[in-house]
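J.:
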Amino acid sequence: MMSVLLANQWKIFMNTMKSQPTKTYAVYVISFLVIGFFIAWITQGIIQISGSLTGAVFEGVLAYGMLAMIGFLILFGLPQVFKQLYAATDLNLLFTMPIPTTYIFWTKYLQSLAGTPLMLCIFVIVPLFTYGATVGVSLLFYPVTLLVLLAVMMIGLSVAYLINLLLIQIIPGSRANEFMTVMSMFSGLFVYLLIMLPDMLSERSLSELMLAGLPLFPDWVPLTWASRAVSEASIGSFSFVLPLALTLALAIISVLIASVFVEKGFRTGWIKLSEGGGKRKKKETFKTSAAEPHHPIIAVGKKEWYVMKRDLREWLVFMPLLFFFVGYLFAVIAGGGSLSEFRGSAEITWPIAQVLFLLLYAMLNGQIASSSIAREGKNLWILQILPLSGREIAIGKLWISWLIPFVVLTVVEIILGVLLGWTLLPFVGGIALKAVLSIGISGIGLWFGAIGAKYNPENPQNRLKFGTALILFVASYMYLFLALIPYVLLLLPIEAKAFIQEIASDNTGVVNVVANFVHTVLIWKEASPVLVIIAGIVVMVVVSGGVGAIFTSLSARRMERGIEIEMVQQSKSIPKL
């Protein structure tokens, strides 16, 4: 039965590949070329340093690589496993046939094993075999390495399966997509902390431990068994047998633990998701007074807010912010420091924080504003028949797309400012600066959303065409760089005038023109500092407001003519065998 199911999956895969459009094949080719380039680059580096790697250093690097491999398998395996178990279109047919659920589960498990884990294994095994060929290891190294990597793949994938099978039993079917998306976010944080585990377990940094040849983990940690088995096999020692046996045993145990929840977590979970949220509570009716209508611009913004508030997946855009602050706090704690050590150093911490916050604004504002267009999806026709002008719709989407990240990041900055003891004047000035500059970024994002929107109900975070998203990313940071020029000139001390003049005299062309301009500004600043500061602020406001107004106007015109949203089709039919 298993052979029939596997053959069926192979036919589905081949038919799927044959039905792909030409541009999809081009994407595959480019992806393989990029992956091949990175593998070749890493391989070349390994060839250069392989001679200087001692056995202890190699064992430490290998143990950390195995840890990272398990982390990435959990991170990228969670959504893949969720799709295989509960969103695959062939399950409608398989569950109606007299096939044991266990057989279907093992088919899906092997199918998942041939996906991301196999690609990651290839990415790892090529550098390892290159190291072995360069150093001249024992022939035992190659089969043992294959077995160890297979065991690590099974451990990471089994953890991803176990998480899916357990969570589906405790979450409502109607909220499964949102919950799994948020779970992916927290799994990212978990993987980050997992990869930083060696730093947490030791007082020395990871690089110091590796270069010194010290063990990264205690002997009882399974990753130590895996790395020791490969290390012992590389020198031809049969001491690899015990750690290899322990690693393989752990892989088998992890698979068996995941398979315990097959019947309850797989078939029942699929039925639960297919039927939806189950029984709905009867809502009590309350008499309410008629609400006064809002201004159209306010109403459009509130509609966007309600949509974002209902779907937890909308808030994954703030994941970089979460990673940044968790990483920052972890770095402080792992370094044996405390936040009190940074108090009183506002002249250092405040400028650094402003740069980081501006980078986050450039990333978040454009993405949120562009997503507000594609968020309409299949309901775009409703927006088009409403008695609203394109200008009202564009401004309504703009203000809420600007306000949400501004409020979130401002709250975070206030907390950080209190903890680090920033003074009031630069603190308030920095918030006002970012409030002004982020308007232009939101306007740019809104326009890119109007020209390159894409709607995918299964992946709501992907709301721009690939090329449009890439150009938006570049345009946001180019705008930020240009808009910050007046601000940098305001911060530049007058004492730098002689140095700037020297640069102007030693160079020609564009460098000479820019240096002469900066030198002139510093002369004006020396003569009338208050007037120059006011002029700089006005220029920033005009530039940001002008960019925001121009792109909002372009977006409004686009909406008046009609917006086209690329709809990603989700096939619900049974695939051809």
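Okay, so the sequence shown: first residue is 0 according to numbering that gives the first Met the number 0, each after it adds one.
For each residue, glycine too, the CB sits at the ideal point set by N, CA and C.
Go ahead and pull the three-state DSSP assignment for Glu559.
T.: helix
J.: Measure how close the beta-carbons of Gly76 and Ala159 come, nearest whole angstrom, since I'm counting them as under 8 Å.
T.: Correct: roughly 4 Å between the Cβ atoms.
J.: Measuring straight from C-alpha to C-alpha, what distance separates Met477 and Ala86?
T.: For Met477 and Ala86, the distance between alpha carbons rounds to 40 Å.
J.: Please state if the CB of Phe140 and the CB of Val229 are separated by a distance shorter than 8 Å.
T.: In contact: Val229 and Phe140 (Cβ atoms closer than 8 Å).
J.: Should Ile443 and Met558 be called a contact, given that it needs their Cβ atoms to be closer than 8 Å?
T.: no
J.: For Leu84, which three-state DSSP category applies?
T.: Helix at Leu84.
J.: Taking buried to mean at least 16 other C-beta atoms within 10 Å of its own C-beta, is Ala361 buried or exposed?
T.: Here Ala361 is buried, its C-beta having at least 16 other C-beta atoms within 10 Å.
J.: With a cut-off of 8 Å, do at least 3 Cβ pairs link the region 460-471 to the region 383-402?
T.: no
J.: Between Pro116 and Leu61, is the Cβ-Cβ spacing less than 8 Å?
T.: no
J.: Express the C-alpha separation of Pro485 and Val538 in angstroms, rounding to a whole number.
T.: If you take the alpha carbons of Val538 and Pro485, they lie about 7 Å apart.
J.: Excluding the 5 residues preceding and the 5 following Ile296 in the sequence, name in chain order all residues of the same chain whose CB lies nearer than 6 Å to its CB.
T.: Glu391, Ile394, Gly395
J.: For the alpha helix (DSSP H) containing Lys10, name the first residue and the last one.
T.: Residues 1-17.
J.: Have a look at Glu563 and Lys302 and give me their C-alpha separation to the nearest angstrom.
T.: 20 Å
J.: What number of angstroms, rounded off, separates the C-alpha of Val299 from the C-alpha of Gly389?
T.: 11 Å
J.: Could you name the residues of the same chain whose beta carbon sits closer than 7 Å to that of Met566, not counting the 5 residues immediately before and after it, in chain order?
T.: Here the set comprises Tyr454.
J.: Counting along the chain, where does the alpha helix (DSSP H) carrying Ser253 start and finish?
T.: 240-258
J.: Name the DSSP bridge partner or partners of Tyr108?
T.: Tyr108 is not bridged to any residue.
J.: Give the straight-line distance between the Cα atoms of Asn14 and Ser258, rounded to the nearest whole angstrom.
T.: Between Asn14 and Ser258, the C-alpha separation is close to 29 Å.
J.: Should Pro492 go down as buried or exposed, given a rule of 16 or more other Cβ atoms within 10 Å for buried?
T.: exposed
J.: Relative to the C-alpha of Trp269, which candidate in Phe94, Gln19, Phe405, Gly428 has its C-alpha closest?
T.: Phe94
J.: Less than 8 Å between the C-beta atoms of Gly365 and Ile440, yes or no?
T.: yes
J.: Starting from the Cα of Ile450, find the closest Cα among Ala514, Leu553, Ala434 and give me that residue.
T.: Checked all of Ala514, Leu553, Ala434; the closest Cα to Ile450 is Leu553.
J.: Tell me whether Pro404 is buried or exposed, calling it buried when 16 or more other Cβ atoms sit within 10 Å of its Cβ.
T.: buried
J.: Would you identify the three-state DSSP class for Leu138, choosing helix, strand or coil?
T.: Coil at Leu138, not helix or strand.
J.: With respect to the alpha helix (DSSP H) encompassing Thr467, which residues constitute its N-terminal and C-terminal limits?
T.: 465-482
J.: DSSP three-state call for Met118: helix, strand or coil?
T.: helix
J.: For the putative contact between Ser580 and Gly429, defined by C-beta atoms under 8 Å, what is the C-beta separation to the nearest angstrom?
T.: Residue 580 is absent from the model: the chain starts at 0 and stops at 576.
J.: Is the distance from the Cβ of Leu148 to the Cβ of Ile124 below 8 Å?
T.: The answer is yes: Cβ separation under 8 Å.
J.: Can you grab the Cα-Cα spacing for the pair Ala534 / Leu483, in whole Å?
T.: 14 Å
J.: DSSP three-state call for Ile564: helix, strand or coil?
T.: coil
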